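Enquirer: Here it is: the structure, laid out below.
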Amino acid sequence: MCGIVGAIAERNVVEILLEGLKRLEYRGYDSAGVALLDSDGNLTRIRRTGKVKELADALHKEPVKGSVGIAHTRWATHGGVTEANAHPHFSSERVAVVHNGIIENYQHLRAELSAKGYGFSSDTDTESIAHQVHYELDQGADLLQAVQTAVSKFEGAYGTVIIDKLEPERMIVARSGSPLVIGFGIGENFIASDQMALLPVTRRFMYLEEGDVAEVTRTSVIVYDQSGQVVERDIIESDIEHDAGDKAGYRHYMLKEIHEQPSVVRNCLQGRLGEHDISPNIFGQGADEVLANIKHVQIVACGTSYHSGMTAKYWLEQYANVSCNVEIASEFRYRKSFVHPNSLLVTISQSGETADTLAALRLAKSLGYSSSLTICNVPGSSLVRESDLAFMTLAGAEIGVASTKAFTTQLTGFLMLTLALGKHNGMSDVDHKAIVDGLHSLPSKLEETLSLTQGIKDLAEEFADKHHSLFLGRGDQYPIAMEGALKLKEISYIHAEAYASGELKHGPLALIDDEMPVIVVAPNNELLEKLKSNVEEVRARGGIMYVFADKEAHFQSDKTMRVINVPHCAAAIAPIIYTLPLQLLSYYVAIIKGTDVDQPRNLAKSVTVE
Ligand code: G6P
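Next up, the structure:
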């Protein structure tokens, strides 16, 4: 989704801005632009639709310089993908603005400002920020005051950076609902919507809080809270290890991230899983005391993270004896829900910034939950900062839009949460031992599963010309089938639907023919025989099946069924293991189709608008 980079320095900041934008490409976008202010007070702007490369080419063709600059990658919400709608937006060649989020009352502001003579040249909500700030400047305010007054008129969400040609010594930034981080250099300072953009220039970061407005000069940063008081915000040293620029020899980030799963799951377990049990307080300080009283879990998330929550529901109810509801964040936040006594709210998110999930957490604070826990991959993100407890998945930066290693580490975290809650709710010793042993074996089982790559590559050939597909699973493999279907549609653009296989005869059987591949996940569990009957139902109707199965499940390949044997594993970890072949299948189908695997069309990595 939209990305922001800003810099104020003595040197020319063009390359810093471009490198920052490149590092934000993974978030998904459709146009890019930069505005630069040079020492003679010239404000120049270059914008392009398409990739950052087009913008970089344009900037290298007609070199532009500036020691103050703002840059943006736009993911269209209001107004189509055109150069005129790309950021930065100007007001009369004086004020320049980049913005993430949505100004919901922009039509009202636009009408007011147009009536006052401010001319609009785009269809965006953002342009009203530029003109509103300009209007306040015209009333005699300086840039800081102008922004403070302007933001009080905005409804909706914004992370915004504003420069004024007449005040080249500072940039003003404001945050409400969309994350912004300030990066500290030596004699130069930076701004971004994601610390990833600034890793080549600094490791020292300050996250702005809701309602903050900050003045950033080359040598200082002053933060004002919502009431206009100067406030201190912590500066953190980032220890983020992975470099977004590094594909480690893989063709795509997604493939690299799929292959990293054994090692990141190992990281996730390290220091948290002892020989016979989990260590104390792995969900945060004081967590064990909080978890001891929990009788119900409400999980809220979006996308892939929602699927990990759905899987967790099976585990929490089967093994830990706590009831669990799972809901999509955008639904949860807009309805009245019932809060059970002694409930824990669990949000799951790779990015920690997904707008709906964050809004759901904020709403839940007023609803009477005993506590909130986030299972998240990005330290310092909004969900981590605003939750009572946090479990970091330690998957390292995930760049591919389609989530892979974040998902499997979330599931690893959930199995440990199952152990933690089960302890207080009568989990059997047998189940406890099975999960602990399963977790110990998980990294090596994941490694073994990656060896299926060649077989899956061959199989992918058979999918490339298909337009529809069906994924089937039962029990805790049903959410894995859903995740498999999501992966396939995200990166190969093949329509894919997932069904709990018991539902087949209630509709989807009508779709079965030899043009509709059916993918089945079939570990050797207590539902195997039921699943086999469902497979027969498909076979009887001429369906072509691809079955990922445990060897012991005794499926045989024949002309209507291709069987791919997945390494035998403990039942508790099977959903994590069976995720990998489905990720690989989507990846290799997308390769054959030639899609943009890491940045699939229309999608964004971090969805910071609702
Ligand atoms: C976007 C991403 C998905 C992700 C979802 C939730 O749609 O493309 O991969 O699962 O957001 O994101 P989160 O960061 O909250 O896990």
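Going by numbering that gives the first Met the number 0, the sequence shown runs without a break in its numbering and finishes at 609. Backbone N, C-alpha and C define an ideal beta-carbon position, used for all residues, glycine too. Since this is a predicted model, take the numbers as computed values, not measurements.
Quick check on DSSP: helix, strand or coil for residue 427?
Expert: coil
Enquirer: Is residue 348 near the ligand G6P, with its Cβ less than 6 Å from a heavy atom?
Expert: True, at least one ligand heavy atom lies under 6 Å from that Cβ.
Enquirer: Which word fits residue 399, buried or exposed, when buried means at least 16 other C-beta atoms lie within 10 angstroms of its C-beta?
Expert: Buried, since its Cβ has 16 or more Cβ neighbours within 10 Å.
Enquirer: Name the one or two DSSP bridge partners that residue 195 has.
Expert: Residue pairing for residue 195: DSSP places it in no beta bridge.
Enquirer: Comparing the CB of residue 301 with every heavy atom of the ligand G6P, is any distance shorter than 6 Å?
Expert: yes
Enquirer: Would you identify the three-state DSSP class for residue 567, choosing helix, strand or coil?
Expert: coil
Enquirer: DSSP has residue 375 in a bridge; who is on the other side?
Expert: 348, 391
Enquirer: With C-beta atoms as the reference, is residue 411 less than 7 Å away from residue 264?
Expert: yes
Enquirer: In the DSSP assignment, the beta strand (DSSP E) including residue 282 goes from what residue to what residue?
Expert: Counting along the chain, residue 282 falls outside any beta strand (DSSP E), and DSSP gives it neither H nor E.
Enquirer: Is the beta carbon of residue 471 sitting closer than 7 Å to the one on residue 519?
Expert: yes
Enquirer: Where DSSP assigns a beta bridge to residue 610, which residues make up the other side?
Expert: Any question about residue 610 goes unanswered here, given that the chain covers just 0 to 609.
Enquirer: Would you decide whether residue 5 is buried or exposed? Buried here means 16 or more other CB atoms lie within 10 Å of its CB.
Expert: buried
Enquirer: So which of 52, 148, 294 has the shortest CA-CA distance to residue 224?
Expert: 148
Enquirer: Tell me whether residue 72, by its Cβ, gets closer than 6 Å to a heavy atom of the ligand G6P.
Expert: Residue 72 Cβ: outside cutoff for every heavy atom of the ligand G6P.
Enquirer: Would you say the beta carbon of residue 485 is closer than 6 Å to some non-hydrogen atom of the ligand G6P?
Expert: no
Enquirer: Nearest to residue 32 by CA position, among 41, 502, 21, 38, is which residue?
Expert: Residue 32 has its Cα closest to that of 21, out of 41, 502, 21, 38.
Enquirer: What does residue 494 pair with, by DSSP beta-bridge criteria?
Expert: 467.
Enquirer: I need the boundaries of the beta strand (DSSP E) containing residue 83, first residue and last residue.
Expert: No beta strand (DSSP E) contains residue 83, which DSSP labels as neither H nor E.
Enquirer: Going by C-alpha distance, which of 30, 68, 17 is nearest residue 7?
Expert: 68
Enquirer: Under the criterion of a Cβ to heavy atom distance below 6 Å, does residue 606 qualify as lining the ligand G6P?
Expert: Yes.
Enquirer: Tell me the rounded alpha-carbon separation between residue 383 and residue 373.
Expert: 6 Å
Enquirer: With C-beta atoms as the reference, is residue 358 less than 7 Å away from residue 332?
Expert: In contact: residue 358 and residue 332 (Cβ atoms closer than 7 Å).
Enquirer: Kindly indicate which residue of 70, 141, 301 has the alpha-carbon position closest to the one of residue 401.
Expert: For the residues 70, 141, 301, the minimum Cα distance to residue 401 belongs to 301.
Enquirer: What number of angstroms, rounded off, separates the C-alpha of residue 259 from the C-alpha of residue 404?
Expert: 7 Å
Enquirer: Tell me which residue opens and which closes the alpha helix (DSSP H) that residue 417 is part of.
Expert: 404-421
Enquirer: DSSP three-state call for residue 297: helix, strand or coil?
Expert: strand
Enquirer: For residue 602, verify whether its CB is less than 6 Å away from any heavy atom of the ligand G6P.
Expert: yes
Enquirer: When we look at the beta-carbon of residue 350 and count the other beta-carbons within 10 Å, is it buried (16 or more) or exposed?
Expert: buried
Enquirer: With the cut-off set at 7 Å, would you say residue 347 and residue 380 are in Cβ contact?
Expert: no
Enquirer: If we ignore side chains and look at the alpha-carbon of each, how far apart do residue 308 and residue 37 end up?
Expert: 50 Å
Enquirer: Just checking residue 402 against the ligand G6P - is the residue's beta carbon closer than 6 Å to any of the ligand's heavy atoms?
Expert: Yes.
Enquirer: Tell me the residue span of the alpha helix (DSSP H) that contains residue 549.
Expert: Segment 544-549 is the beta strand (DSSP E) holding residue 549; no alpha helix (DSSP H) there.
Enquirer: Does the ligand G6P have even one heavy atom less than 6 Å from the beta-carbon of residue 532?
Expert: Distance from the C-beta of residue 532 to the nearest heavy atom of the ligand G6P is not below 6 Å.
Enquirer: Between the beta-carbon of residue 48 and the beta-carbon of residue 77, is there less than 7 Å?
Expert: A distance of 7 Å or more separates the beta carbons of residue 48 and residue 77.
Enquirer: Can you list, in chain order, the residues of its chain whose CB lies under 7 Å from that of residue 378, leaving out five sequence neighbours each side?
Expert: 391
Enquirer: Would you check if the distance between the CB atom of residue 485 and the CB atom of residue 27 is smaller than 7 Å?
Expert: no
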